[in-house]
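So the structure is just underneath, and the comments pick up after that.
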Amino acid sequence: MKRIVIKIGTATLCPDDGLDIIFLDDIARQVKYLKEIGISTVIVTSGAIGLGMSMLRDINKNLNLIQKQALAAVGQGKLINYYSTVFERYGLMVAQILLTREDLANRKRFLNARNTLEELIKLGIIPVINENDTVATEEIKLGDNDQLSALVSTLIDSDLLTILSNVNGLYDKDPHLYKDAKLIKEIRSFDEIPKDIGGPSEKGSGGMITKILAVEIAARSNIKTIIASGREKDVLIKIINGESVGTLFDIGGERLSKRKVWIAYGVTPKGKIYIDQGAYEALAFRNKSLLSQGVKEIDGNFSSGDAVSIISPGGKEFARGIVYYPSDELEELKGKKGYHEVVHRDNLVLLY
Ligand code: GLU
């Protein structure tokens, strides 16, 4: 193993009021160990909003997006300051990187981000990444740092994504509701993931659902994921030594090219295309392109080259693709026979 991405959530980093320095110190110690045995670490960290909140104590906790952005601007400086001070104790240097979905969807910026990360890794510096909350509007928001950590893993061809959480891993049922819920040690296919996995955690924005999406993104780029408790002693060292901690997701199945990962997960769909049963079967089972005659309805305003969601007759988003026709032209073409290719197979990805 050469590279590892570690995602640290707000509830893990700031369990009470403010940041848990002992926890962060322990992470730094382990990252140092990894470095010594030749493994480069990239960290994706939350906590900017949480820290901003603990600094401005009397602020109302029901925040709108702009208030959150303001708090993130307050907390991010503090956050990176903690990281650089604590990591310095171990002789480690950190670098702050703030990203939005736009940075990752735009080819030029994407390459720039990748080059910068590669350079930092080469210099032995630990990149500490967060979403650039201050500028991220709803459309360009990555949604949560679970997704960001998976996209970063594909960006730098990480060998492993480790999501450190305040839960021990994935359980066979929601452990908040059921006392007898059992930890699952290993998942080898998406079918093995239980349906009832619980909602978002109280402090963080994610919860298990967004973590599973991160697992999906990583798996399709051939990257394994481990979800484990950040509180487990020597968690990173145990993982590297192959000990069983948390839940390992080692999922087989179709791998996607980097380009297809971006089509499916990197860009926000601009609209929806509802299709009929025939088209659904052609796309889902016969590896075909989407033609105009299978299109039933269109939702949203998109241009040629935008990403769109493709919706099955059952109402489920089952694929994403890059659309050839703008929405107004497609409105005219929908249901029409003739060879109007709406989404070419090479620009289409089936979701799990
Ligand atoms: N970027 C946010 C923060 O630093 C966290 C988002 C998330 O945890 O998903 O506060």
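Each residue of the sequence shown is one higher than the one before, counting from 33 in the working numbering. In this text, a Cβ means the ideal position worked out from N, Cα and C, and glycines have one as well.
Annotation: the continuous alpha helix (DSSP H) that includes G107 extends over L97 to E120. N162 sits in a strand when the DSSP states are folded into three classes. Rounded to the nearest whole angstrom, the C-alpha separation of K67 and F55 is 19 Å. Note on the stretch 204-269: whole beta strand (DSSP E) runs with a minimum of 3 residues are 256-261, in chain order.
When C-beta atoms of the stretch 315-322 are compared with those of the stretch 256-271, fewer than three pairs fall below 8 Å, so the two segments do not count as touching.
With a threshold of 16 other beta carbon atoms within 10 Å, M85 meets it and is buried. The three-state secondary structure of V63, taken from DSSP, is helix. Annotation for T73: the continuous beta strand (DSSP E) segment containing it runs S72 to T77. Straight-line spacing of the CA atoms in D49 and D90 works out to 13 Å. At least 7 Å separates the beta-carbon of A339 from that of L315.
The Cβ neighbour count for F119, taken over all protein chains shown within 10 Å, is at least 16; the residue is labelled buried.
The beta carbons of Q309 and I249 sit about 29 Å from each other, so the pair does not count as a contact at 8 Å. L183 is the residue among G262, L183 and I295 whose C-alpha sits nearest the C-alpha of I255. T279: member of the beta strand (DSSP E) spanning T279 to F281, first to last residue. Assignment of beta-bridge partners to D331 by DSSP yields K304. The C-alpha of N273 lies about 39 Å from the C-alpha of E349. Residue range E349 to I354 is occupied by the beta strand (DSSP E) that includes G353.
When only Cα atoms are considered, V167 and L130 end up about 10 Å apart. In chain order, R220 and S221 place their CB closer than 8 Å to the CB of G284, counting only its own chain and leaving out the 5 sequence neighbours on each side. At the C-beta level, N162 and T77 come within 7 Å of one another.
Distances from the CA of N138 to each of I38, T300, V375 and V74 were compared; the closest alpha carbon is that of T300. With respect to the 7 Å criterion, V74 and P159 are classified as neighbours on the basis of their beta carbons. Closest in alpha carbon position to T257, among G201, D165 and Y210, is G201.
In this structure, the beta-carbon distance from L111 to L149 does not fall below 7 Å. Residue range A339 to I343 is occupied by the beta strand (DSSP E) that includes A339. Note on geometry: alpha-carbon atoms of A80 and L365 lie some 47 Å from one another. DSSP places R35 within a strand segment (E or B) once states are collapsed to three. Secondary structure within the stretch 356-380: the beta strand (DSSP E) runs of 3 or more consecutive residues, fully enclosed, are 373-375 (chain order).
Between the alpha carbons of K100 and D165 lies a gap of roughly 8 Å.
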